[in-house]
Structure formats: C-alpha cells, structure tokens
Amino acid sequence: MSRLSLLFATGCLLFAAGCRMHETGVTVQSLMDEEGPTSESWSPIMHISEDGKPRLRLEAGYMARYETADSTYLVMSVLSEDSPRVRVDIFDAAGDSSAIVLSDRIMYFEREQRFVAEGDVVVQSHEDRWIYSEHLAWTERTARIHTPGYATIQTPTQTMSGYGLDADEDLQDFSMKNASGVVIVEDE
C-alpha cells in the first residue's frame, strides 16, 4: 500500500470516528438526573421554628438545595474569602439564644435534622464558652455537638483541647478523648 493510500485511509478513519448521532435536547428528566442543586439563593436568611418558638436562624452568602432519592440537604457557604462567614444562631426550647456557630461551610440534612460545619468552625455559647474546630456536627433531636477530630473548648475557668468532643449545645456538659488543658482553680 502506498503512502498516499495509507494517509487517505487514516484520514477517513479519523473523519468517521468524529461523526456521531445528534444528541436529543434537554428534557425535564435529564435536568432531574443532573447532580446540581435543585435551587440556589444568594445572601439568604433562613428561620426554623419549633412549636412557635425560634430554633435556628441561618445566614450565608450562598445556599444551594439538593434533592436525591434518599435525602434532601442544604449547603450554605461564603461567596468569597472577604465575604462574611456562614452564621447559625441556635435557640433553646424556651426560644432564648443558646449558641452562635460561624464557619466557612454548613450542610443541613433535613431528614436527620443534622448540621455539619466545616472550615475554621467557631461556636460561642451565651455563657462565654467557645469551641474551635475544623469540623463539627450538631444534631437537633439530641441537641448535642460532636467533633470527630481535634477541638478546643474554652470557658471562663478552663481551656481544654482533645479529640472527639461531645457536648450539649449550651457547652455546659462536655467530654473529649486525649484531652489536655489548663484549669483555673480559685482560692476560697
């Protein structure tokens, strides 16, 4: 086979490989099958109440809602490095402020009523108690806060650091593993 014939045959093969059937247009089902959000909001403020009393107030630069066959969840995040952080105000059963959570991103899983905060997480309770962590989960049903990794909890009389923090949402009762810290003991 001559070089010209070989070159022509290669060109025909490349041309045939580039041909394909025309794709169908966008359908409702194709949009539903996409993994993107079902809705998006910019600078949203969301309120969740229970028995007519405030339970949560969420504020973010951006919020996206995702619906899958087995779950529905929200992703709240900052818009840019210089925009305000995601903020969640938590209220106790009486409707009084219990804690404030700040982070770079928060996901809310509706069915489980569970929040997951990620990225420079700071929690402040109304009694000057603080948590610092990179990852934190809060379950609404149990009113408990968990950090799977390293966390620091700071109160007016102690600073403790460790792993696997488990605390109530008021940060009054907490435990952690491999803890170390400083406790101020007042003289009588």
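In the working numbering, the protein residues as written are 1028 to 1215. No residue lacks a Cβ here, since even glycine has one placed at the ideal position from N, Cα and C.
- In this model, R1092 and D1195 are separated by some 28 Å (Cα to Cα).
- Rounded to whole angstroms, M1103 and E1213 show a C-alpha spacing of 42 Å.
- Across the set S1152, F1201, A1178, the C-alpha of A1178 shows the shortest separation from the C-alpha of E1161.
- Leaving aside the five residues that flank T1186 on each side, the residues in its chain whose CB is nearer than 8 Å to its CB run, in chain order, T1179, I1180, G1208, V1209.
- Shown here, Q1185 sits in a strand according to DSSP, grouped into three states.
- The shortest C-alpha to C-alpha distance from G1176 to any of D1193, T1182, T1184, P1183 is the one to D1193.
- Between H1153 and S1124, the beta carbon gap of about 5 Å places them in contact (Cβ cut-off 8 Å).
- Secondary structure of R1141 (DSSP, three-state): strand.
- H1162 carries a strand assignment under DSSP once its states are collapsed to helix, strand and coil.
- Cβ atoms of A1164 and F1142 come within 8 Å of each other, at about 7 Å.
- R1112 and S1202 have their C-alpha atoms roughly 27 Å apart.
- DSSP places Q1199 in the coil class of the three-state scheme, outside both helix and strand.
- The beta carbon of A1170 sits closer than 7 Å to the beta carbons of D1195, E1196 from its chain, once the five residues preceding and following it are set aside; these are given in chain order.
- Per DSSP, reduced to three states, the secondary structure at D1097 is coil, with no helix or strand assignment.
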